[in-house]
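Novice:
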Amino acid sequence: MSEDHVLAGYRQSIDNIDAAMIHILAERFRITKAVGAHKAQNKLPASDPGREERQIERLRKLAEDAKLDPEFSEKFLRFIIQEVIRHHEKAAGTAG
137 MSEDHVLAGY RQSIDNIDAA MIHILAERFR ITKAVGAHKA QNKLPASDPG REERQIERLR
197 KLAEDAKLDP EFSEKFLRFI IQEVIRHHEK AAGTAG
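Residues in the sequence shown are numbered consecutively from 137, following the working numbering.
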């Protein structure tokens with residue numbers, strides 16, 4: 137069976153995008169870790185539901201503009217937000 141060069145090219149692009157997403161998520165969590173430490177130090181709440189909802193609304197619109205399913209993007213963002221809140225609660229010593 138000969139190698140499918142078109143498929144191999146697509147897969148290489150997917151691999152590159154996956155690597156970029158990991159690096160972007162790592163950077164995002166590096167920053168949110170600093171936010172969590174700041175919140176804990178200043179006795180601020182681990183979550184900000186108003187900001188979270190505004191972010192979800194803003195990113196749903198961006199997803200629609202980018203032709204990405206806004207339901208998927210919202211689920212993905214909510215997962216990330218919940219993980220960030222968990223880290224902030226842990227930093228504050230209030231994880232349940």
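Note that the Cβ used here is the ideal one computed from N, Cα and C, for glycine as well.
Could you have a look at glutamate 139 and say whether DSSP puts it in helix, strand or coil?
Specialist: Along the sequence shown, one-based indexing puts residue 139 at 3. DSSP places glutamate 139 in coil when its eight states are reduced to three.
Novice: Reducing DSSP to helix, strand and coil, say where serine 183 ends up.
Specialist: As a position in the sequence shown, residue 183 is number 47, starting the count at 1. In this structure, serine 183 counts as coil in the three-state DSSP scheme.
Novice: Within 10 angstroms of the Cβ of histidine 141, are there 16 or more other Cβ atoms? Answer buried if so, exposed if not.
Specialist: As a working mapping, residue 141 is identified with position 5 in the sequence shown. Looking at its Cβ environment, which holds fewer than 16 other Cβ atoms inside 10 Å, histidine 141 is exposed.
Novice: Does the region 152-163 come within contact of the region 188-206, defined as at least 3 CB pairs closer than 8 Å?
Specialist: With a cut-off of 8 Å, the region 188-206 and the region 152-163 do not count as touching, because too few Cβ pairs lie within range.
Novice: Hey, out of Lys169, Ile217 and Lys211, whose CA is closest to glycine 186's CA?
Specialist: For the purposes of this step, residue 186 is taken as residue 50 along the sequence shown, with counting starting at 1. Taking only the C-alpha atoms, the option nearest glycine 186 is Ile217.
Novice: Should alanine 228 and alanine 176 be called a contact, given that it needs their Cβ atoms to be closer than 9 Å?
Specialist: Start at 1 with the first residue of the sequence shown, and residue 228 comes out as number 92. Start at 1 with the first residue of the sequence shown, and residue 176 comes out as number 40. The answer is yes: Cβ separation under 9 Å.
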